[in-house]
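Okay, structure first, notes after.
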Amino acid sequence: MKVVVFGASGRVGRRMVEYALDAGHEVTAFVRHPIELRDHPKVGGFRVEVGSIRERETVTRSMTGQEAVLSALGMPRIDLPSRLLSNAMKAIVAAMRARDVRRIVAVGNGGVLDRRSGGPVFRSPNFPAEYFHVANDHYRALRVLEKTALDWTFACPATMPSGERTGKAKVEVDHMPDGEYRVSVEDVAAFCVAELAAREHLRQKVGLSY
112 MKVVVFGASG RVGRRMVEYA LDAGHEVTAF VRHPIELRDH PKVGGFRVEV
162 GSIRERETVT RSMTGQEAVL SALGMPRIDL PSRLLSNAMK AIVAAMRARD
212 VRRIVAVGNG GVLDRRSGGP VFRSPNFPAE YFHVANDHYR ALRVLEKTAL
262 DWTFACPATM PSGERTGKAK VEVDHMPDGE YRVSVEDVAA FCVAELAARE
312 HLRQKVGLSY
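Note that our numbering has the sequence shown beginning at 112, numbered continuously upward.
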């Protein structure tokens, strides 16, 4: 597939690019500055699209000729209120519609998953205050996807330390799997790339952990 990766210079995004290439996909990495990928292990093997996620025209241009989207966008300051992620998702969705692209796998936040007792995790009284704003905007981004007819999957990982690609991540629809509240960056990226073609979780949010 021809795949565009948003957030391609981040921890998850860099590995998405790598694993998508390993899987035989044709990859376009969307970044603000090309220098951010000059040390990528697969440099030269993928196309770089330079632009800002805030510029809808640029986002739409990057979508031309694509068949699927991977998104691993993050927030530079997670402790401040922001609509960066949800506005970015609106721009991505608009570009997908304009270019007739239907498939997207996006990385969210474990806080948007459902509590066993009901309601999103990030609205529970004991949710860490420092993560509230980023979880809240990921939740808004999820709502953007839910209102579309796109074939979306929203991957919501637990804490993401760098580690290894183990293939042992547990996946559960709507909830965080019971077990350790962590999953490696590598396993999150690997899940997203595999899910692009597997299509096992269409129009679902899923928790990822060990």
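Note that beta-carbon positions come from the ideal geometry of N, C-alpha and C, so glycine has one too. Just so we're clear, the structure is a prediction, and the values are computed from it rather than from any experiment.
Option nearest residue i by Cα separation, candidates the options
{"i": "residue 180", "options": "166, 205, 251 and 195", "result": "205"}
{"i": "residue 222", "options": "266, 133 and 121", "result": "266"}
{"i": "residue 242", "options": "188, 226 and 208", "result": "188"}
{"i": "residue 219", "options": "137, 240, 168 and 271", "result": "271"}
{"i": "residue 185", "options": "303, 229 and 119", "result": "119"}
{"i": "residue 59", "options": "213, 227, 164 and 153", "result": "Because the chain spans 112 through 321 in this model, residue 59 falls outside it and cannot be assessed."}
{"i": "residue 269", "options": "321, 195 and 211", "result": "321"}
{"i": "residue 317", "options": "299, 283, 143 and 125", "result": "283"}
{"i": "residue 141", "options": "123, 150, 122 and 116", "result": "116"}
{"i": "residue 146", "options": "212, 199, 121 and 130", "result": "121"}
{"i": "residue 197", "options": "296, 135 and 249", "result": "249"}
{"i": "residue 168", "options": "152, 240 and 209", "result": "209"}
{"i": "residue 114", "options": "125, 137, 123 and 124", "result": "137"}
{"i": "residue 152", "options": "132, 203, 174 and 171", "result": "132"}
{"i": "residue 315", "options": "280, 135, 258 and 273", "result": "258"}
{"i": "residue 307", "options": "273, 214 and 143", "result": "214"}
Residues of its chain near residue i, where Cβ-Cβ distance is below 6 Å and the 5 sequence neighbours each way are ignored
{"i": "residue 217", "result": "182 and 265"}
{"i": "residue 123", "result": "183, 218, 296, 299 and 300"}
{"i": "residue 195", "result": "186"}
{"i": "residue 192", "result": "244"}
{"i": "residue 273", "result": "296"}
Exposure label - residue i; buried when at least 16 CB within 10 Å
{"i": "residue 254", "result": "exposed"}
{"i": "residue 163", "result": "exposed"}
{"i": "residue 313", "result": "exposed"}
{"i": "residue 292", "result": "exposed"}
{"i": "residue 277", "result": "exposed"}
{"i": "residue 173", "result": "buried"}
{"i": "residue 154", "result": "exposed"}
{"i": "residue 125", "result": "buried"}
{"i": "residue 260", "result": "exposed"}
Identified DSSP bridge partners for residue i
{"i": "residue 191", "result": "Answer by DSSP bridge pairing: none, since residue 191 is not bridged."}
{"i": "residue 267", "result": "318"}
{"i": "residue 160", "result": "141"}
{"i": "residue 182", "result": "117 and 217"}
{"i": "residue 72", "result": "With the chain covering 112 to 321 only, the question about residue 72 has no answer from this structure."}
{"i": "residue 282", "result": "319"}
{"i": "residue 225", "result": "231"}
{"i": "residue 133", "result": "None; residue 133 has no bridge partner."}
Near the ligand NAD: residue i beta-carbon under 8 Å from a heavy atom
{"i": "residue 250", "result": "Among the components modelled here there is no ligand, and therefore nothing to report on the ligand NAD."}
Other residues of its chain near residue i: CB distance less than 7 Å, five sequence neighbours each side excluded
{"i": "residue 303", "result": "127, 181, 216, 218 and 266"}
{"i": "residue 134", "result": "304"}
{"i": "residue 275", "result": "295 and 297"}
{"i": "residue 176", "result": "113"}
{"i": "residue 130", "result": "300, 301 and 304"}
Same chain, Cβ closer than 8 Å to residue i, five either side skipped, listed in chain order
{"i": "residue 232", "result": "221, 222, 223, 224, 225, 226, 238, 246 and 287"}
{"i": "residue 201", "result": "255"}
Notebook entry, point to check: Taking three-plus beta-carbon pairs below 8 Å as touching, is the stretch 287–297 in contact with the stretch 150–168?
Noted result: Too few Cβ pairs lie closer than 8 Å, so no.
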